[in-house]
Amino acid sequence: MPTSPSDRRPYDLAVIGAGPAGLRGAVTAADQGLRCVLLDAGARPGGQYYRHPAPGLHAARPDRLHHHWSAFTELADRLAEHRAAGLIDYLPHHHVHLLERREPWRLHAATGADGAGRATLTADAVLLATGAYERQLPFPGWTLPGVVTAGGAQAMLKAGLVLPGRRVVVAGSGPLLLAAAASLSAAGAEVPAIVEAGNYLGYARRPEVLAANPGKLVEAVTHGAALARHLVRLRRSSAVIEAHGATDDPAVAGSVRVAAVTVARLDRDWRPVPGTERRIACDAVAIGHGLVPQLELATELGAEVREVPDGTLALRVDHRQRTTVPGLWAAGETCGVGGAELAAAEGELAALAIADRPPTAGALSARRRLRGFAELMAAAHRPGPGWPGWLRPETEVCRCEEVTAGQIEEAVGELGATDARSVKLLTRAGMGWCQGRMCGPAVACLSGAAEPVADRRPFSCPVRLGDLAALPED
């Protein structure tokens with residue numbers, strides 16, 4: 001099978017992203033007879049949610065690291081069947097960085113594990129299932145070795161069968177913290193505390209939504225029981241406001257790594273309450289404040305977005321998962337973070353719409369109840385406006401360009417910056433390798449912007465100059 005079949009006739013559908021939404025979308029479209037290409041930046045299908053060990057690690061029970069593993073294996077089996085029948089070309093290590101709206105669509109991708117290759121493909125329709133990345137709110141010491149994202153800690157465990165440390169504090173906000181802590185504890189790590197900035201009371205505002213999603217309650221109870229068995233303490237309305245480093249050999253450069261964190265109670269606006277600080281010893285911190293939908297490919301084309309209750313932006317889609325750009329559909333976390341089950345239902349609905357088939361009642365019902373829960377979850381874990389209260393002027397906000405909170409404050413207070421874009425132009429915050437994925441939400445908040453603005457840029461990932469030069473002149 002060719003790795004870059006650019007010389008073939010256009011595919012009926014190109015699916016970007018091989019997570020739950022992309023996998024379900026591709027196999028459903030192939031079920032309807034559409035010829036599809038499934039592209040993913042990773043080495044194996046499953047996305048971040050179903051990340052699993054490489055075959056060379058010979059993991060005996062990868063299912064023990066996941067919920068609903070059977071759902072993934074069923075999709076993987078269907079993918080294999082459609083590949084064998086010639087209905088799906090699956091292309092791993094293909095990071096699509098540019099979509100050209102043409103008839104047919106033209107997709108440009110960086111290929112290979114190092115992104116050194118390039119490929120161009122064409123398709124009559126495109127389904128975006130690019131997922132999301134973690135939202136980080138900086139604090140003093142967050143750049144120390146040993147401080148990782150909550151999702152990163154799970155990725156280390158799921159893909160590499162390694163722990164980020166032996167004693168891991170899990171912190172931030174959102175249900176991902178419970179899952180991460182449960183996985184780390186089950187794998188042998190000591191988790192002295194889950195430090196949750198929210199208080200979970202927001203879920204009580206919509207009891208009818210909770211009643212419609214009993215599976216979510218069962219999941220929470222399952223995590224809670226697992227954490228109770230490992231004596232993990234949940235500290236609500238609290239945050240890690242500083243990480244402290246230590247070393248056994250001060251003469252060795254770069255040997256400092258996290259050794260403890262300071263935790264403080266938060267008021268209703270997420271401001272640290274003086275006098276409530278407490279230090280917890282640890283050798284790793286797994287921290288995250290929810291997920292941010294990955295929209296770059298769509299927003300560059302002018303696709304409309306909506307604000308989610310947690311302050312992030314998601315693509316606006318209709319009842320058949322169509323975006324406002326003709327020929328472009330979206331499913332899963334790009335439409336608002338809601339979990340694997342919702343993503344799979346939306347992937348199915350999008351594929352059926354593209355194939356001009358009626359939606360299934362099961363997928364419609366799942367989307368309705370799970371999207372309602374996703375909106376409730378987003379509102380319950382929206383960061384409070386007072387979180388910058390745990391920053392210091394010297395705290396780095398943009399790690400790539402080493403831009404501090406003090407420099408951003410200067411840009412806003414003295415140089416007239418009024419939004420994240422003007423802060424970026426004045427300080428270079430967000431111009432580094434990650435292109436603002438780590439610091440973007442924090443920079444936007446510190447800039448004082450009244451509402452989030454979709455970032456539009458020609459490419460969704462770093463592209464080599466040679467690859468730009470190789471693009472067709474038209």
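Number 11 in the UniProt record's numbering belongs to position 11 of the sequence shown; there are no gaps in the numbering.
Glycine residues also receive a C-beta, built at the ideal position from the N, C-alpha and C atoms.
For residue j and residue i, the rounded distance between their alpha carbons
i: Arg166; j: Leu184; result: 9 Å
i: Ala303; j: Pro53; result: 36 Å
i: Trp142; j: Ala405; result: 13 Å
i: Ala284; j: Gly172; result: 14 Å
i: His244; j: Gly56; result: 36 Å
i: Val148; j: Pro385; result: 23 Å
i: Pro452; j: Glu307; result: 8 Å
i: Arg102; j: Leu210; result: 43 Å
i: Arg392; j: His68; result: 42 Å
i: Phe72; j: Gly19; result: 9 Å
i: Gly311; j: Leu291; result: 11 Å
i: Ile16; j: Gly389; result: 39 Å
i: Arg322; j: Arg24; result: 16 Å
i: Ala353; j: Arg83; result: 22 Å
i: Ala345; j: Pro164; result: 33 Å
i: Val463; j: Ala187; result: 38 Å
i: Leu425; j: Ala298; result: 23 Å
i: Ala220; j: Asp467; result: 47 Å
i: Glu76; j: Ser70; result: Just to set this straight, residue 76 is Ala in the shown sequence, not Glu. Straight-line Cα distance between these residues: approximately 10 Å.
i: Asp356; j: Ile280; result: 57 Å
i: Cys461; j: Pro472; result: 19 Å
i: Gly131; j: Arg236; result: 28 Å
i: Val37; j: Ala85; result: 13 Å
i: Trp105; j: Ala330; result: 15 Å
i: Glu333; j: Ala246; result: 38 Å
i: Arg456; j: Asn213; result: 36 Å
i: Glu197; j: Val256; result: The sequence given here has Ala at residue 197, not Glu. Near 27 Å, if we compare the C-alpha coordinates of Val256 and Ala197.
i: Ala29; j: Ala119; result: 23 Å
Beta-bridge partners of residue i, as assigned by DSSP
i: residue 540; result: An answer regarding residue 540 cannot be provided, because it is not within the stretch 1 to 474 covered by the chain.
i: Ser238; result: Arg265
i: Tyr11; result: Ala123
i: Pro272; result: Leu266
i: Ser324; result: Note that residue 324 is Thr in the sequence shown, not Ser. Answer is none; Thr324 lacks a bridge partner.
i: Tyr90; result: Leu38
i: Trp329; result: Leu127 and Arg322
i: Trp105; result: Ala123
i: Ile280; result: Val261
i: Cys398; result: Val403
i: Thr111; result: His94 and Gly117
i: Arg306; result: Ala314
i: residue 477; result: Any answer about residue 477 is impossible in this case: the structure gives the chain only from 1 up to 474.
i: Val218; result: None, per the DSSP bridge assignment.
i: Pro293; result: Ala132
i: Arg233; result: Ala193
i: Arg205; result: Looking at the DSSP assignment, Arg205 forms no beta bridge with any residue, so it has no partner.
Where residue i sits in the DSSP three-state scheme
i: Ala355; result: coil
i: Cys36; result: strand
i: Leu99; result: strand
i: Ala54; result: coil
i: Thr3; result: Confidence is the limiting factor: at Thr3 the pLDDT is only 42, short of 50, which leaves the residue's position unreliable, though a coordinate-based value still follows. Note: Thr3 maps to coil in three-state DSSP.
i: Pro45; result: coil
i: Ala243; result: strand
i: Glu300; result: coil
i: Arg83; result: helix
i: Gly147; result: The question names Gly, yet the displayed sequence has Val at residue 147. DSSP places Val147 in strand when its eight states are reduced to three.
i: Cys461; result: coil
i: Glu348; result: helix
i: Arg456; result: coil
i: Arg166; result: coil
Distance cut-off 6 Å: residue i Cβ against heavy atoms of the ligand ZN
i: Thr73; result: Absence of the ligand ZN from the depicted structure is noted, as is the absence of any ligand whatsoever, leaving it without description.
Closest residue to residue i among the options (Cα-Cα distance)
i: Ala123; options: Arg279, Leu34 and Leu75; result: Leu34
i: Ala260; options: Ala155, Glu277, Val273 and Gly336; result: Glu277
i: Arg78; options: Val337, Asp269 and Gln32; result: Gln32
i: Tyr203; options: Glu396, Ile194 and Leu217; result: Leu217
i: Ala80; options: Val27, Ala129 and Leu128; result: Val27
i: Leu65; options: Ala179, Tyr133, Gly131 and Thr130; result: Ala179
i: Asp40; options: Arg51, Ala181, Tyr90 and Leu342; result: Tyr90
i: Gly430; options: Ser447, Arg257 and Gly42; result: Ser447
i: Arg265; options: Pro293, Gly275, Ala189 and Val258; result: Gly275
i: Gly347; options: Ala182, Arg320, Ala361 and Arg9; result: Arg320
i: Arg437; options: Val126, Leu107 and Leu137; result: Leu137
i: Leu315; options: Pro145, Pro293 and Cys434; result: Pro293
For the 8 Å Cβ check, are there 3 or more pairs between the region 410-420 and the region 280-300?
no
Report yes or no: do the region 33-49 and the region 362-374 share at least 3 C-beta pairs separated by less than 8 Å?
no
Inspect the CB distances between the region 87-103 and the region 395-404 and report whether three or more fall short of 8 Å.
no
For the structure I just gave you, are there three or more beta carbon pairs, one from the region 221-234 and one from the region 150-163, closer than 8 Å?
No, the region 221-234 does not touch the region 150-163.
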